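Peer 1: Mind looking over this structure? Questions follow.
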Amino acid sequence: MAFNPFQHKFVSLFSSALLGLLLASHGPATLANTSNYLTALIDAASAQQLQQRPEWQKLLHYKTGLLPGGLKSQVDAPEFFLAANGKTDPQAELEATLTAFFKPLPQNRDEQHLHPQCRFVARYQWLSQQLNFDPARLPEYDCWRFDEWLAALNPQGLTLIFPTAYINSPASMFGHTLIRIDAHDQNEQTRLLAYAINFGADTGNDGGLAYAFKGLMGGYPGGFSVQPYYLKVREYSDMENRDIWEYQLNLTEAETRTMLLHAWELRGIWFEYYFFDENCSYHLLSLIETARPELQLTDQFAAWAIPSDTVRVLDKAGLIKHTHYRPSRHAVLQQRMDNLPSAQINAIQQLAQAKLTPEDETITRMPISTQAETLELAHEYADYHQDDNQQHLHQLLQARSTLNIISPKVTVPGGTRPEQGHGTGRSSLSIGREDQYQYQELQLRPAYHDLLDPAPGYANGAQIAFFSLGLRHNNRDDSTRLQYFTPVDIISLTPVSDISSPISWQFNFGLRRKHGQDHNRLISSINGAAGLSWSLSKNSIAYALLNLGIDVSARELRKGYAAGAGGSAGLLIKLSDTWSTHLFAHTTDYTAGDKHNEKDMGLEQRYTLTKSNTIRMRWTRQRQLANDFSNFNLSWQHFF
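Those letters in the sequence shown? Residues 23 to 662, per our numbering, in order.
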């Protein structure tokens, strides 16, 4: 990168200031030698164009800026940079880094880890390898605190951790990723004792609209932390009941060490956190890139970075060596209670709720193996529902310990891994007939999954779609216009089970056109619903919800708005691995503002052609704004 005279003057002044600090503790001869060697190193770095090397730019998190050829670091903490313009100038930062390496080591041992050689260990190691530092002219200091930290980790390899969606929270379908540091002496029994690197946002006590707005606009600082892995497993698997997929990364021990050197540099450093792009998964990819700088992992996420997509990128890059499934407490409990006779399930629930005691005849007359299973599951059931009666829990365990029988090992099938499901983006081309007129429609949905999309790799009965839009060409008047735009559309159909009775719910808002409008303007709408759903079989879910809806339009509604309530019911059926269907009915009585009734009932079906292509058919009979009509739509959908 070429430098103008002002930039060269700035770097020269910065270097002179640091050399002035050296003069306070060294004689003139030492200063002259230091200045000559520093100049030689800067010249050598410039000759090799080290500031343009991917290793340097990945360590500083530089990305191409708005101007062609311009670079800007995604790190937002000023203390990460040693040059005042280091955030946007790789060469100035490199020269300032070399200059800072010559600073004398503090005499106070507790402050020595703050010396630039020890603060930026990854930069020092790489520059030393490229420039072959002479220890006689640039003393290499002992970074004892870093050495102790690395020794405690005892790293051999890395594993990417992906917690999947948890019950009744479609937003968790986006998942989360973190990196476990696998130690040399680690085995299956001690794996939980490893440490994990996590990137997260400091959201304070914010919630609701403030949380959403700041998260979308980068209003939160995000940073890396290292903490025991078992704490994260307890948080995800036990508390949030999320299954966990572990992806062992195909990185060498040397590459693992390089990444950890940089992880040390990022302690206390913050980035602006964005929910959609610069989020947890994105920045973990940027960390992995420092281990193997030729990788271009983050460059594949210009607009949004969905965790499951980041796993796909790692897989395509050949970075996944082995996978392991760790089921949640809920999954294990559900697996053990599936297919049990109703009498035993009833006994488990009554024991868990202290309506029965282990000495009750209902329990003691069971076969010994059934007694053991019933007592174990009663304890798990009570603990799952956060029973804080420790005496009761202890009583169940004590009763189980008196039965001299070993419980069989429980194996929970993991199913399809998240990265093996369909792509999260979707485009659709469709033809249709509304009332008596034909239309053609282009539909785009950047993310993520809806109820009728192919299920493998996704939570059953969950939908979360962001920024969906449809462009329709109407043959009736030969016009093309935006038919709808829905920023958020979320559905959670979590069936009632022997373990829990969660509330199913729905929420969406956006803009849409309705049949029979006078001025054909977009109507703003917001809708919410809550109710229950039931699993009629392994492949079907029935649901019933109560709805609230509000429409707003100064031109299309006589009073400017309409508000009302109603109900929805439906049945989702997986007919085969490639064919699913959805029967539904919905009605809303708008009793405030513009009073009218709207309803629709219909059938939609999806047939999978390939992993990336499906055909969908939808037929409805509807009433909108007091107009009755039929709509038939046939579409080809492509996932990407």
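The beta-carbon is built from N, C-alpha and C at its ideal position, and this holds for glycine as well.
Just so it is clear, the structure is predicted and the values come from calculations on it, not from any experiment.
1. Measure the alpha-carbon distance for Tyr-252 versus Leu-214 and round it to whole angstroms.
2. Flag this pair as touching only if the segment 326-342 and the segment 462-471 have three or more C-beta atom pairs under 8 angstroms; answer yes or no.
3. Could you compute how far the alpha carbon of Gly-445 sits from the alpha carbon of Pro-478?
4. Under 8 angstroms, with one C-beta from each stretch per pair, do the segment 92-106 and the segment 197-214 reach the 3-pair mark?
5. Closer than 8 angstroms is the cut-off here; do at least three beta carbon pairs connect the segment 527-538 with the segment 548-560?
6. Quick one: which unbroken beta strand (DSSP E) runs of 3-plus residues sit fully inside the segment 508-553? Chain order, please.
7. Output the residue ranges of the alpha helix (DSSP H) runs that lie fully inside the segment 351-408 and measure 4 residues or longer, sorted by chain position.
8. Which residue from Ala-614, Ala-481 and Leu-625 puts its Cα closest to that of Asn-561?
9. Quick check on Ser-68: does DSSP put it in helix, strand or coil?
10. Can you grab the Cα-Cα spacing for the pair His-284 / Thr-632, in whole Å?
11. From Leu-35 to Ala-114, what distance separates their C-alpha atoms?
12. Determine whether the beta carbon atoms of Phe-487 and Thr-508 lie at a separation below 8 angstroms.
13. Taking the alpha-carbon of Tyr-59 as reference, which of Ile-203, Asn-655, Gln-412 and Pro-161 has the nearest alpha-carbon?
14. Please state whether DSSP places Phe-28 in a helix, a strand or coil.
15. DSSP on Val-97, reduced to helix/strand/coil?
16. With a threshold of 16 other CB atoms inside 10 Å of the CB of Leu-597, please say whether the residue is buried or exposed.
17. Hey, how far is the Cα of Thr-186 from the Cα of His-352?
18. Quick check on the DSSP output: the alpha helix (DSSP H) that includes Phe-168 runs from which residue to which?
19. Could you tell me the alpha carbon to alpha carbon distance between Thr-312 and Ser-546, rounded to whole angstroms?
20. Spatial neighbours of Trp-148 within its chain, please: C-beta separation below 6 angstroms, excluding the five flanking residues on both sides.
21. Identify whether Val-574 lies in helix, strand or coil by the three-state DSSP scheme.
22. Determine, using beta carbons only, whether Gln-659 and Asn-653 come nearer to each other than 8 angstroms.
23. Just to confirm before moving on: does the CB-CB distance between Tyr-459 and Arg-498 stay below 8 angstroms?
24. Which residue or residues does DSSP assign as beta-bridge partners of Pro-243?
25. Determine the DSSP secondary structure at Glu-316, reduced to helix, strand or coil.
26. Can you have a look at Tyr-314 and say buried or exposed, based on whether 16 or more other CB atoms are within 10 angstroms of its CB?
27. Using 10 angstroms around the beta-carbon of Ala-218, count the other beta-carbons present and answer buried if the total reaches 16, otherwise exposed.
28. Between the Cα of Ser-330 and those of Gly-443, Ala-339 and Gly-241, spot the shortest distance and give me the residue it belongs to.
29. Kindly indicate which three-state DSSP category Asn-426 falls into: helix, strand or coil?
30. In three-state terms, what does DSSP make of Trp-326?
31. Quick test of your reading: Gly-454 and Leu-656, contact by CB under 8 angstroms. State the CB separation rounded to the nearest angstrom.
32. Nearest to Arg-640 by CA position, among Asp-650, Ala-648, Phe-606 and Tyr-612, is which residue?
33. Which residue or residues does DSSP assign as beta-bridge partners of Lys-596?
34. If we count the other Cβ atoms within 10 Å of its Cβ and call it buried at 16 or more, is His-206 buried or exposed?
35. Using only alpha-carbon positions, find the residue among Phe-155, Gln-74, Asp-65 and Asn-272 that is nearest to Thr-181.
36. Report the partner residues of Asn-482 according to the DSSP bridge assignment.
Peer 2: Once the coordinates are examined:
1. 5 angstroms
2. Two segments are said to touch when three or more pairs of C-beta atoms, one from each, lie closer than 8 angstroms; by this definition the segment 326-342 touches the segment 462-471.
3. 11 angstroms
4. no
5. yes
6. Scanning the segment 508-553 for uninterrupted beta strand (DSSP E) segments of 3 residues or longer gives 526-534, listed from N- to C-terminal end.
7. With a minimum length of 4 residues, the continuous alpha helix (DSSP H) runs that stay inside the segment 351-408 are 351-359, 364-374, 383-386 and 390-406.
8. Ala-481
9. helix
10. 41 angstroms
11. Because Leu-35 sits at a pLDDT of 43, beneath the cut-off of 50, its placement in the model cannot be relied upon, and the following sentence gives the value as read from the coordinates. About 12 angstroms.
12. The question names Phe, but residue 487 in the sequence shown is Ala. Yes, these two residues count as a Cβ contact at 8 angstroms.
13. Pro-161
14. Low local confidence applies: a pLDDT of 40 at Phe-28 is under 50, so the model's placement there is unreliable, and no value is given.
15. Val-97: coil per DSSP, three-state reduction.
16. Here Leu-597 is exposed: its Cβ has fewer than 16 other Cβ atoms, across all protein chains shown, within 10 Å.
17. 13 angstroms
18. 166-175
19. 46 angstroms
20. Glu-77
21. strand
22. no
23. yes
24. Glu-294
25. coil
26. The residue asked about is misnamed: residue 314 is Arg in this sequence, not Tyr. Arg-314 is buried by the Cβ-count criterion.
27. buried
28. Gly-443
29. Asn-426 falls in the coil class under three-state DSSP.
30. coil
31. The distance from the Cβ of Gly-454 to that of Leu-656 is about 7 angstroms, consistent with a contact at the 8 angstroms cut-off.
32. Phe-606
33. The partner list for Lys-596 (beta bridge, DSSP) reads Ser-602.
34. Label assigned to His-206: exposed.
35. Of the candidates Phe-155, Gln-74, Asp-65 and Asn-272, the one whose C-alpha sits nearest the C-alpha of Thr-181 is Asn-272.
36. Paired residue(s): none; Asn-482 is not in a bridge.
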